[in-house]
Structures are given as structure tokens and as C-alpha cells.
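Numbering (the UniProt record's numbering), first residue to last: 1 to 566.
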């Protein structure tokens, strides 16, 4: 296991280093040879930690275990002893060497290998702690065995996680420390939602007469398993998430986490779970069921309801956090929020429309086009997806249209809107071309094989439905693009990148990003001659200089603009 994990880390690490070399290595300030040395130094440290923890946990379980017969294999005991005897001194030496390097050279804190190491070790430590802790707590509840088989592993990996969390906060700059913090926040959030859904599902099963298949469990009941999972995941998420929020909550990485994981991921899970509930209900009343027992047919409902409640709470919380730090809906984050949710709703609606066309074709072709579903159930699935996805898309698209009516010039020129429209048109075009080719191939196969009939319809049903939906979605958004281009007239030169050299005025930088749509970077001058930014002067300079890339310099009592090229 350790060898396989090390091999995977080496492969991924080399790929990342090569990509980093190609992307930023030629811009100066990066010693690629030094990064390679650091990478293998931290890789050695990581492997030694894995070996020592594996050996120590085995020996602890052997010494403290209530039943030593559980470790009757002398080979395992010999392996664990060898791991501890050989790897522990090497780990101490490597750790001291790494510590001296970090204390002696401040630039080593900027090492990309250090960031990779701290991110990887915390993910591995949390996964190991959660897995062993889950088994240990269940054994403790079932058998009352405090020193169970996973006792040593649980606390060793918990200590490893805590140590490296503290190391991240002390050794990494704030912006880099966010990487492991937010990744652990995302992982523990997903596990927390699963745990909450599991608890809610168990409560529903406990109080409602569901089928025996869903009630039957072995060992610890489902409610206890969910509570144990929550006991491990929720404190971890709380610890990492709220610590990260207090460090640099306005960073781009923080916003990406909120938008993609907290808001987008929660909405997707909400739509999936609500679709299961609605679809099973429709099939029971109007579709073709496999059983006449209601509680057997609805055995997916408890899990879906639990997931729905948990993800709705997650969605509401993260949306509120995002709104509290971006009060103005006219900002770029507000736009991304609207277009992201609109895209999710549109994707769900499109899948529903495709399924609807498939069910119609299946009615004429007289066959089950969806595996395990009759044409009637396929139609009910399409109705479900349309009922779930269409309101989301309509509500968000109406909000988007309202903002465009209030400030058409700024909203139409926003990069997030352009990305959204061109993404939809591009995906639609690819889908149309692929489906058209598929239909043509199937038709020719039917002609040449003398079997151009119902079977051909069944084989091309998906391609036909994707073709129809792709054309409709693509044309709708293409018309919007053409109309907005006609309204905006000839394309004028606009700023794409602004470099501010002078005092670090972050409010001005954010204001320029909103007003120009350009990417703004700040380089703080330390020569003592920096001039306070005059906002009116900056606006005049931007109006006079229309170059795509511009440097704004506040120095020696004056502010000037210089065209640049990166």
C-alpha cells in the first residue's frame, strides 16, 4: 500500500513540477532544480511518516489490545517492529533537516514542494483518521473495547493531522495556507453532508414502516453509523472552514470554494435527491411499478429526503456566506453565482428534454429505450427533470435579465456572461455535430443491412433527442449573442490587465476591476516615494489610454500610465 501510494505521489508530483516549469519557470525567480530537490526531500518525509505511523499503530494495538490473539501473525509483528526501528530515526533526522532549512531560508516557505507536501499529508491524515476512527468508535459502541484494533491508528493520524495543520498556519503564507485548508474543508463538508443524510434517513426508517430490506442491518444500527460519521466529519469541517475564513476570506480561491463546492455542489445534490423523490412518486401513481407494496417501492425515499434536507442547509448557508461578503449583486462574484446556478438549471432541463424526446420515440418504436424503464416511465422521468430543473433556470434567468435591464452596458460586457453564453453555444454545437454523425451512421447501417425500421429508431433515439435539444439551446443563446453584439456596435479597445505600482490600495483595485472588467494586480513600492492614489486622476488616465495592458505608477508626487506587454 505504501509503495503504491508513493509511486502515485511521485508520478503526480513530477507531472505537476513539469507543468509548473512550463507555465511559470521561464518568468524568473524560480529555481527549478531547487524545487526538484525540495520535492524529493518532502516526499521522503511523507513516506517515512506513513511507514512510522503504520508500524506504531500495529505495535500499539498489540501492546494495548484486549485480545492479543487478534495479532497472531508473527510476520505482521516483525514488519511493524522493523518499520519503527528503521524508519523512526530516519524520520527524526529528515524532520530536523527540514526544520533547519525552513528556519534558515525564508524563501523556502514559498517552495511549491512544501505546499504539495502539506496538502497531501493533511488529506492522507484525515482520510486515515476518519477511516480508522470510524471503525474504532463502532467497535467501542458495539463491544465496549476501548483499545480496539484501530485505537492506535486513530490517534496517531489525528496527531499527524493536528501537527501539520499547525505547521501550515506557521510555515505557509496566508494565501498558500488556504489550499490545504479549503481542500480539507471541501472533503469534510461532503462527508458531513453524507453523515447528515444518513442520520435523517435512519430516523425516517425508524419511525415509518419501510420494507424489511431497508430496515435490516447487521451490527451497529444505521443511525449510530451516521452519528459516528458526523462526529468525525463535522468538527473537522468546522475547524478548517472557520479558521480559513478568518485568514483571507476574500481571496479568489475562497470564492471558488464557495461557488463550486458550497453552492454549486449543494444545488446539484439537491436537484438529484428531489428528482428521486418526485420520480418515485410519479411512477407509483402513473407508471409501471415492480411491486404493489408502497413501502418497498419507496425504499429510496428516506435516503433522498435526508440528502435533500442536508444539501438544502448547505446551499442556504454557503449562499448566505457568499452574499454577506459580496453585498453588491452587481459585482463579478454575484454574476458568476447567477450564471452558475442558471447553468445547472439549464443542464437539468436539457437532460429532461432529451429524455422526453427519447420517450416519445420509444412510444412509436414500441420498445424500452432506457434500460429497465418502459416508455411511460421514461416520460415520467422527463417530466421530473423538467419540473425540477426548469424553475431553477427560469428564476435565475429572470434575475439575470433584470440586472441587464438595469445596467445593460456593464452586464452585457461582463466576462462571466460571455463565458456562459459561448460555453452553452459551444457545447450545443459539439452535441449537434456528434449526434448528426451518429444518426447518419445508424441510417446507413440500416440501409446497407436491410434493417431500416423500428430498431434503427431505437438505436438513434438518443442521438435524435440530443440533436433537437442541442439545436434549440444553441440557437436560443446564439440569438442572444448576435443581438447583444448588434446593440454594442463596433468593438472598442478595452483594458484587459492593469498593473498598479505604488501604495497597496485594494479598494481602488476592486473598484477598477468592477468598472473596467480588467484583471488588476498590485505591486507595492517600498522606496518611500509612493504617492497616494488620486481616483479622479486614475479615471482620466484610463480614459486617455485605451491600451489593453497598462501600468499605473504612483511615484514621486505624480501618477502616470505606461502601456506594457506581458
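Where a beta carbon is used, it is the ideal one built from N, C-alpha and C, also for glycine. Remember, predicted model here, so these are calculated numbers, not experimental data.
Item: Spatial distance of residue 461 from residue 357 (CA atoms); Value: 8 Å
Item: Residue 534 - DSSP class collapsed to helix/strand/coil; Value: coil
Item: Chain-order list of residues whose beta-carbon lies under 8 Å from that of residue 565 (same chain, five-residue window excluded); Value: 549
Item: Distance between residue 521 and residue 563 (C-alpha atoms, nearest Å); Value: 15 Å
Item: Selected residue, minimal CA-CA separation from residue 198, among 376, 54 and 307; Value: 307
Item: Where the beta strand (DSSP E) containing residue 523 begins and where it ends; Value: 519-524
Item: First and last residue of the uninterrupted beta strand (DSSP E) at residue 561; Value: 558-563
Item: Alpha-carbon spacing of residue 532 relative to residue 419, whole angstroms; Value: 36 Å
Item: Straight-line Cα distance separating residue 145 from residue 276; Value: 40 Å
Item: Straight-line gap, residue 246 to residue 240 (C-alpha atoms, nearest Å); Value: Confidence is the limiting factor: at residue 246 the pLDDT is only 48, short of 50, which leaves the residue's position unreliable, though a coordinate-based value still follows. If you take the alpha carbons of residue 246 and residue 240, they lie about 10 Å apart.
Item: Whole-angstrom C-beta distance between residue 443 and residue 464, which should lie under 8 Å; Value: The Cβ separation is near 11 Å, so there is no contact.
Item: Beta-carbon gap between residue 165 and residue 113 smaller than 7 Å; Value: no
Item: Beta-carbon proximity check, residue 94 vs residue 125, cutoff 7 Å; Value: no
Item: Whole-angstrom distance between residue 302 and residue 351, CA atom to CA atom; Value: 25 Å
Item: Residue 55: CB within 6 Å of a non-hydrogen atom of the ligand ADP; Value: Of the ligands one can find in the structure shown there are none, so the ligand ADP has no counterpart to examine.
Item: Segments assigned alpha helix (DSSP H), at least 4 residues, entirely inside the region 256-319; Value: 266-286 and 294-297
Item: Endpoints, the beta strand (DSSP E) within which residue 331 is located; Value: First-last for residue 331: undefined, no H or E at that position.
Item: Integer-rounded CB distance, given that residue 178 should sit under 8 Å from residue 253; Value: 5 Å
Item: Minimum C-alpha distance to residue 274 - residue among 425, 155 and 383; Value: 383
Item: Alpha carbon of residue 421 to alpha carbon of residue 139, nearest angstrom; Value: 54 Å
Item: Minimum Cβ-Cβ distance from residue 64 to chain C less than 7 Å; Value: In the structure shown, chain C does not exist; there is a single protein chain.
Item: Residue range of the beta strand (DSSP E) that includes residue 554; Value: 549-555
Item: Alpha-carbon to alpha-carbon, residue 525 and residue 503; Value: 7 Å
Item: 4-residue-minimum alpha helix (DSSP H) runs that sit fully inside the UniProt domain "DUF5671" (335-449), ordered along the chain; Value: 375-406, 408-413 and 415-449
Item: Cβ shell of residue 180 (< 6 Å), same chain only, five flanking positions each side left out; Value: 118, 119, 122 and 168
Item: Nearest-angstrom beta carbon gap, residue 387 and residue 466 [assumed within contact, 8 Å]; Value: Between residue 387 and residue 466 the Cβ distance is about 21 Å, and since that is not below 8 Å, they are no contact.
Item: 8 Å Cβ shell around residue 259 - same chain, five flanking residues per side excluded; Value: 322, 333, 336, 337 and 340
Item: Where residue 208 sits in the DSSP three-state scheme; Value: coil
Item: Whether residue 470 touches residue 431 by CB criterion (7 Å); Value: yes
Item: Alpha-carbon spacing of residue 310 relative to residue 57, whole angstroms; Value: 35 Å
Item: Rounded straight-line distance, which links the Cα of residue 221 to that of residue 207; Value: 14 Å
Item: The beta strand (DSSP E) enclosing residue 502, as first and last residue numbers; Value: 497-502
Item: Pairwise C-alpha distance: residue 195 and residue 189; Value: 10 Å
Item: Start-to-end residues for the alpha helix (DSSP H) that takes in residue 140; Value: 112-143
Item: Beta-carbon proximity check, residue 377 vs residue 288, cutoff 7 Å; Value: yes
Item: Run of the alpha helix (DSSP H) containing residue 574, from where it starts to where it stops; Value: With the chain running from 1 to 566 in the structure shown, residue 574 is simply not present.
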